[in-house]
Every structure is written in structure tokens, then in C-alpha cells.
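A.B. asks:
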Amino acid sequence: MPIERAIAPIALGIGLGSVSMLPLQADPAARDKDNAVIQSFCMAAFNSAFERAGKTPPQGMGAFTCDCLGQRIQAGEGLGTARETCTMEASRRFPLPKG
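Counted the way this note's numbering counts, the sequence shown spans residues 406 to 504.
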């Protein structure tokens with residue numbers, strides 16, 4: 406199984422189920438707090454997935470992926486769609502070595 410396929414659902418999904426329940430508000434302070442929660446869960450899941458796979462992610466991949474996810478959720482996109490889109494964008498931008 407390619408690493409992208411093994412990691413994609415995990416990297417952006419584990420621990421993020423509760424994020425979809427966050428009441429994302431227009432208040433900038435609340436939005437920043439919501440984004441910090443999204444970033445925290447996303448990075449923990451991302452790092453855990455790569456660690457379990459025994460791989461080292463390319464530098465910047467986690468930040469890019471989680472920034473993408475946070476921006477899309479803040480824009481009102483659903484978690485599943487945001488996760489899928491950001492995973493594809495990260496895979497294109499940070500190709501992982503085969504094998």
C-alpha cells in the first residue's frame with residue numbers, strides 16, 4: 406500500500422472528528438482560537454501517522470497540510486472535503502519517495 410494511501414485518512418482524520426463540531430465564529434479572536442485547536446489536532450494526527458508508518462515527512466508538509474485544512478474549515482468547507490482536498494494538494498506539493 407503506498408504511504409500516501411496509508412497516511413492520508415489518518416494524517417488529517419484522527420482526533421479531528423470533534424473539530425467538525427466547533428462553532429466557528431466571525432469574531433477574529435474566536436476564529437484564531439478555533440484555528441489553533443484545528444492546527445493542534447491536525448499536527449498531532451499528521452506526526453502520529455508518519456511515525457506509525459516509520460517514515461519521515463518532507464519538511465514543511467505537516468504545516469502546509471494543516472494550514473490548508475484550517476483555512477478550508479474556516480471558510481465553511483466540511484471536514485471530509487477539506488481533508489481530501491488538502492491531502493491531495495500536499496501529496497502534489499511534497500511527493501513522497503516510492504518504496
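Note that CB positions come from ideal geometry on N, CA and C, so glycine has one too.
So, do the segment 458-466 and the segment 432-448 have three or more beta carbon pairs nearer to each other than 8 Å?
C.D. replies: The segment 458-466, when compared against the segment 432-448, does not touch it at the 8 Å Cβ threshold.
A.B. asks: Just verifying my parser: in three-state terms, what is the DSSP assignment at Glu482?
C.D. replies: In this structure, Glu482 counts as coil in the three-state DSSP scheme.
A.B. asks: Can you tell me where the alpha helix (DSSP H) holding Phe499 begins and where it ends?
C.D. replies: Here Phe499 belongs to no alpha helix (DSSP H), and DSSP marks it neither H nor E.
A.B. asks: Leaving out five residues on either side along the sequence, give the residues of the same chain with a beta carbon under 6 Å from the beta carbon of Phe499.
C.D. replies: Pro463, Met466.
A.B. asks: Which parts of the segment 440-491 are runs of the alpha helix (DSSP H), unbroken and 4 residues or longer, counting only runs that do not cross its ends?
C.D. replies: Within the segment 440-491, the complete alpha helix (DSSP H) runs of at least 4 residues are 466-479.
A.B. asks: Just verifying my parser: in three-state terms, what is the DSSP assignment at Asp437?
C.D. replies: Of the three classes helix, strand and coil, the one that applies to Asp437 here is helix, per DSSP.
A.B. asks: Closest to Met448 by C-alpha separation, out of Gly483, Asp432, Gly485, Cys473, would be which residue?
C.D. replies: Closest option to Met448, Cα to Cα, is Cys473.
A.B. asks: Can the beta-carbon of Phe469 be found closer than 9 Å to that of Ala495?
C.D. replies: Against a cut-off of 9 Å, the Cβ pair of Ala495 and Phe469 comes out as a contact.
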